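First up is the structure itself, then whatever we jot down about it.
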Amino acid sequence: MAHYLRVGDVPPKRHTQHRDGEGRLYYEELMGEEGFSADSSLLYHREIPSAIVDARPWDVPAAATTPNHPLKPRHLRLHELFPEDRWARTDAVTGRRLVLGNGDVRISYAVSAADSPLYRNATGDEVVYVESGSATVETIFGTLHARQGDYVVVPMSATHRWLPTGDGPLRTYAIEANGHIAPPKRYLSRYGQFLEHAPYCERDLHAPGEPLQADGTDVDVLVKHRTSAGIVGTRMTYARHPFDVVGWDGCLYPFTFNIADFEPITGRVHQPPPVHQVFEGPGFVVCNFVPRKVDYHPLSIPVPYYHSNVDSDEIMFYCGGDYEARKGSGIGQGSVSVHPGGLAHGPQPGAYERSIGAESFDELAVMVDTFRPLELGEGGAACEDDEYAWTWAGRGPRR
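Take a look at the structure:
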């Protein structure tokens, strides 16, 4: 994270005695990245945070993937994955269905109405985009309020749970890293402050308020973690409820950032995808395309030029507005397009010409570019539109 916060009751000096009103010591926990060499926070617990009384296997949602072979662009219709009789009983953690994944990042989708169990991802940070609906996200640091358009950024190993609110279902698009997620380095000063050219800043980030206090004994937490065989899960039972933090301070904590607070960067001619970047992780970047004025050169062509991302796969999740470049392809709200490295892609037939003279685009999309090939998860394979790859040519393969 880019800036320091202090929340609740912390002592004047770190690593010193901190007691409650009756003289009992609080227990200090350092949550830090890269050993002791990167961002961290100090949390002060009423009870010993490492006191567990049981550990059992937990079967994580299906994590197997299959290669994009034969190589082709793909269209996935995520809204087909959760009929109403299913999402009413689904939660935003255990109900995730893996759409795409590789060794660096996993992309899942869930439609839910049930409260999730307590959960901790020990494989990496998570960025969860709220497509629609709202939720209270209770965390060891305090409570976040998530609404449509929010990115909910949860650091690795931060215990939390999702509680849907409102009348409709909660639709979430989860990006799970095999490491840490942060704003792009080019947006930050050498000390971590957002620079003037960044499309968002500290004022747009919303951290938890007061610490969340809960009581309870023998409390289960689902933990996703790594072994030499891959990603596995453990159901840990804690002697006391982990939400017992009276205060914390530091630069590592969960937060929300709403896509409406991203200020688009535009120019006289078409700007490349890096101007839309919002986060970066190991082996991937996250970009968002928001409503904006478009190119104002008198001879500009506002939709993207055809391009070959020779080093990356490009994954676009369409979550609002009207995406001009994809008209006629079958793509709509809740669609994901997969444009892999190794072949060119760009606007659908007719979109190139139609865009000339446009002054603005009303579109909303979340893009993930990866630098290792992505494979299909079971969710992605279950909702694929088999005709998408041939839409540029207007006809399918010869058999």
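Note that our numbering gives residue 384 to position 388 of the sequence shown, counting from 1, and the numbers run on in steps of one.
Don't be surprised by glycine CBs; every beta carbon is placed ideally from N, CA and C.
All values derive from a computational prediction rather than experimental measurement.
{"Asked": "How long is the line joining the alpha carbons of F239 and I297, rounded to whole angstroms?", "Found": "53 Å"}
{"Asked": "Buried or exposed: R92, going by 16 or more other Cβ atoms within 10 Å of its Cβ?", "Found": "buried"}
{"Asked": "Do V126 and T168 have their CB atoms nearer than 8 Å?", "Found": "yes"}
{"Asked": "Are the region 341 to 357 and the region 283 to 295 touching, with three or more C-beta to C-beta distances below 8 Å?", "Found": "yes"}
{"Asked": "When you compare each of R52, N64 and L21 to I44 by their alpha carbons, which one comes out closest?", "Found": "L21"}
{"Asked": "In or out: K181 buried (at least 16 other Cβ within 10 Å) or exposed?", "Found": "exposed"}
{"Asked": "Classify V282 as helix, strand or coil using the three-state DSSP reduction.", "Found": "strand"}
{"Asked": "Output the boundary residues of the beta strand (DSSP E) element that contains R199.", "Found": "Unbroken run through R199: none, as it is neither H nor E."}
{"Asked": "Are the CB atoms of Y384 and H71 within a distance shorter than 8 Å?", "Found": "yes"}
{"Asked": "Does DSSP put R222 in a helix, in a strand, or in coil?", "Found": "strand"}
{"Asked": "Just to confirm the assignment, what range does the alpha helix (DSSP H) spanning A110 have?", "Found": "Here A110 belongs to no alpha helix (DSSP H), and DSSP marks it neither H nor E."}
{"Asked": "For H272, which of helix, strand or coil comes out of DSSP?", "Found": "helix"}
{"Asked": "Using 8 Å for Cβ pairs, my map puts S108 next to D81. What's the rounded Cβ distance?", "Found": "S108 to D81, Cβ: 13 Å. No contact."}
{"Asked": "If E29 and S36 are in contact, beta carbons under 8 Å, what's the gap, nearest whole angstrom?", "Found": "7 Å"}
{"Asked": "What is the residue span of the alpha helix (DSSP H) that D81 lies within?", "Found": "E80 to W83"}
{"Asked": "Any chance the region 134 to 151 sits against the region 199 to 216, with 3 or more Cβ pairs inside 8 Å?", "Found": "yes"}
{"Asked": "From the DSSP output, in three-state form, read off A378 for me.", "Found": "helix"}
{"Asked": "Can you tell which of A118, G342 and G390 has its C-alpha closest to the C-alpha of A155?", "Found": "One detail in the question is off: residue 155 reads as Thr in this sequence, not Ala. Here the closest residue by C-alpha is A118."}
{"Asked": "Measure the Cβ-Cβ separation of S325 and M312 and say whether it is below 8 Å.", "Found": "no"}
{"Asked": "What residues are listed by DSSP as bridge partners for V364?", "Found": "V282 and I311"}
{"Asked": "From the DSSP secondary-structure annotation, give me the bridge partner or partners of W397.", "Found": "The question about residue 397 has no answer here: the residues shown for the chain are numbered -3 through 395."}
{"Asked": "Put R42 into one of helix, strand or coil per three-state DSSP.", "Found": "coil"}
{"Asked": "Going by beta carbon distance, what residues of the same chain come within less than 7 Å of A142, once the five residues before and after it are set aside?", "Found": "V126, S130, A131, V133, V148 and T252"}
{"Asked": "Would you say V242 lies against chain B (beta-carbon separation less than 8 Å)?", "Found": "Absence of chain B from the displayed structure is noted, only one protein chain being present."}
{"Asked": "Whole-angstrom Cβ separation of E371 and L96, contact assumed at under 8 Å?", "Found": "7 Å"}
{"Asked": "Could you tell me which of D214, N174 and I255 sits nearest to T223, measuring between CA atoms?", "Found": "N174"}
{"Asked": "Apply the 10 Å Cβ neighbour rule to R273 and answer buried if 16 or more other Cβ atoms are within range, or exposed otherwise.", "Found": "The sequence given here places Gln at residue 273; Arg does not occur at that position. The residue is buried, with at least 16 neighbouring Cβ atoms inside 10 Å."}
{"Asked": "Helix or strand or just coil, what does DSSP make of E76?", "Found": "helix"}
{"Asked": "Given this structure, state the Cα-to-Cα distance separating S153 from H193, to the nearest angstrom.", "Found": "32 Å"}
{"Asked": "Using three-state DSSP, classify W386 as helix, strand or coil.", "Found": "helix"}
{"Asked": "Tell me whether E24 sits in a helix, a strand or coil according to DSSP, three-state version.", "Found": "strand"}
{"Asked": "What's the gap between the Cα of F32 and the Cα of P204?", "Found": "24 Å"}
{"Asked": "What would DSSP say about D257, mapped onto helix, strand or coil?", "Found": "helix"}
{"Asked": "Relative to the C-alpha of V286, which residue among E359, S112 and E374 is closest?", "Found": "E359"}
{"Asked": "For D39, I'd like the list of residues in its chain whose CB is within less than 6 Å of its CB, leaving aside the five on either flank, ordered along the chain.", "Found": "With the sequence shown as reference, residue 39 is identified as Leu, and Asp is not the correct amino acid for it. Result list for L39: E25, V241 and W244, in chain order."}
{"Asked": "Please report how far the alpha carbon of L1 lies from the alpha carbon of C247, in whole angstroms.", "Found": "6 Å"}
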